[in-house]
Amino acid sequence: MKLTEWTMEEQEQLIHFMTTNSWPYHGQEHPVRALIQKTIEEGGYQSDQVTTFWVENDEGEQVGLVKIFDLQDDIPLFDLRIADPYRGKGYGPKALKMTADFVFSLPEKKIRLEGHTRHDNFAMRKAFERTGFVKEAHIRQAWFSAKENRYFDAVTYGMTREDWQQGVTTPVLWEDTIAEPSGTPFNPVLLEFPEEFESERLLIRAPRREDAVHSYEAIKHSIESLRPWMPFAQKKPDLKQIEANLIEAAADFQLRKDLRLHFFQKETGEFIGSSGLHRIDWEVRKFEIGYWVDNRFEGKGYVTEAVERITRFAFEELGANRVEIKCDPDNVRSRAVAERLDFKLEGILRNETISRLDNKLRDTCVYSKIRE
Numbered sequence: 004m005k006l007t008e009w010t011m012e013e014q015e016q017l018i019h020f021m022t023t024n025s026w027p028y029h030g031q032e033h034p035v036r037a038l039i040q041k042t043i044e045e046g047g048y049q050s051d052q053v054t055t056f057w058v059e060n061d062e063g064e065q066v067g068l069v070k071i072f073d074l075q076d077d078i079p080l081f082d083l084r085i086a087d088p089y090r091g092k093g094y095g096p097k098a099l100k101m102t103a104d105f106v107f108s109l110p111e112k113k114i115r116l117e118g119h120t121r122h123d124n125f126a127m128r129k130a131f132e133r134t135g136f137v138k139e140a141h142i143r144q145a146w147f148s149a150k151e152n153r154y155f156d157a158v159t160y161g162m163t164r165e166d167w168q169q170g171v172t173t174p175v176l177w178e179d180t181i182a183e184p185s186g187t188p189f190n191p192v193l194l195e196f197p198e199e200f201e202s203e204r205l206l207i208r209a210p211r212r213e214d215a216v217h218s219y220e221a222i223k224h225s226i227e228s229l230r231p232w233m234p235f236a237q238k239k240p241d242l243k244q245i246e247a248n249l250i251e252a253a254a255d256f257q258l259r260k261d262l263r264l265h266f267f268q269k270e271t272g273e274f275i276g277s278s279g280l281h282r283i284d285w286e287v288r289k290f291e292i293g294y295w296v297d298n299r300f301e302g303k304g305y306v307t308e309a310v311e312r313i314t315r316f317a318f319e320e321l322g323a324n325r326v327e328i329k330c331d332p333d334n335v336r337s338r339a340v341a342e343r344l345d346f347k348l349e350g351i352l353r354n355e356t357i358s359r360l361d362n363k364l365r366d367t368c369v370y371s372k373i374r375e
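Mapped onto the numbering used here, the consecutive letters of the sequence shown carry residue numbers 4 to 375.
In structure tokens:
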């Protein structure tokens, strides 16, 4: 795979590329020929400030286009587009890496490289993160979609020369909270953060009373697989009791005592399972993630996806310094989630709990991630 510089002799190829593919996360989802022609004539694809490259795969097919602009500045930006038939095949991260290599190899020694996208463009966001770019901003109501006639949030990712040279990713330390007046104690109830967010396939949100039926059906169907590990699964579920519990959980969420989170399949709205941030220490900014899933959805990676997104939520939105996962050593599914997400096994606490099945003492594995 390589980048090949676009030339003015290839105007028709570029116009065809731009007008025959769809661009749902750009200003114009279906740009017309006249607009592309005008942009070319005004130097929008080739000038002292702009260089454009074809993204070519190993078969020589033009699978994408990357435009690098503001090249006279110390901080260039770029626009990457992968053609419809080639999306989801891994070309995005590879093209991003080649773009970074090109920019940081320029003799002017550029300081950093930036890219922006709509907050729900999860494919692009994953490409950024897999390539070593760091999320540096979340800008509310900043991206207008003409098709949907509304504004979306936007996100900014960046890579510094130092990170590129060293092959590392340095996260942003969000230490910009306004200090409380002297003598005023910290009150987590006053913290503002989203109560709903998304991953690639999931909608993750605070619990609601109306979730009771979905939770009841999931527990009823999965009771045998949940019983060894979950205290609530020791007896048959009761719909009214679950409803009352959800009312309490929603209140605890608002009071910031416990942050239960339910996750649903975005396309179908189906209830998949429950997770959340528990045993919260707001002074330390320490959280423990728990999770369970309706066993009809086991083996599809939903729990891993939910836990990964909730972990990012804890670090990015709540300023977490430590996130823990605790589980029984024999709970191989739960341990696999922690290990897939690179949580570190810090130790095994011996005789730390009592089994819900036979009242025997059990050990507990402690996994964690910390703010580096």
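For glycine and all other residues, C-beta sits at the position ideal for the given N, C-alpha and C.
- Less than 9 Å divides the Cβ of S218 from the Cβ of I245.
- At the C-beta level, R288 and A247 stay beyond 9 Å of one another.
- Ranking L74, W295 and E64 by CA distance to the CA of I114 puts L74 first.
- F72 sits in a strand when the DSSP states are folded into three classes.
- Taking a cut-off of 8 Å on C-beta distances, the region 363-371 touches the region 329-347, as three or more cross pairs fall below it.
- Beta-bridge annotation (DSSP): R325 is paired with K289 and I373.
- Between A209 and E199 the beta-carbon gap is near 7 Å, inside 8 Å, which marks them as a contact.
- Rounded to the nearest whole angstrom, the CA to CA distance from K329 to F346 is 11 Å.
- Burial state of Y154 is exposed, judged by a 10 Å Cβ sphere holding fewer than 16 other Cβ atoms.
- Exclusion of the five residues before and after A145 leaves A157 as the residues of its chain whose Cβ lies within less than 6 Å of its Cβ.
- Around E327, the same chain offers E291 and S371 as residues with beta carbons nearer than 6 Å, after the five sequence neighbours per side are excluded.
- Residue environment analysis places I351 among the exposed positions, since fewer than 16 neighbouring C-beta atoms fall within 10 angstroms of its C-beta.
- Two segments are said to touch when three or more pairs of C-beta atoms, one from each, lie closer than 8 Å; by this definition the region 250-261 touches the region 270-289.
- Counted as a single uninterrupted DSSP element, the beta strand (DSSP E) harbouring M162 occupies residues R153 to T163.
- With contacts defined as CB atoms closer than 9 Å, E132 and Y160 qualify as a contacting pair.
- Looking from the CA of R36, the closest CA among V53, G46 and Q14 belongs to Q14.
- Counting C-beta pairs closer than 8 Å gives fewer than three between the region 297-304 and the region 236-244, which falls short of the contact rule.
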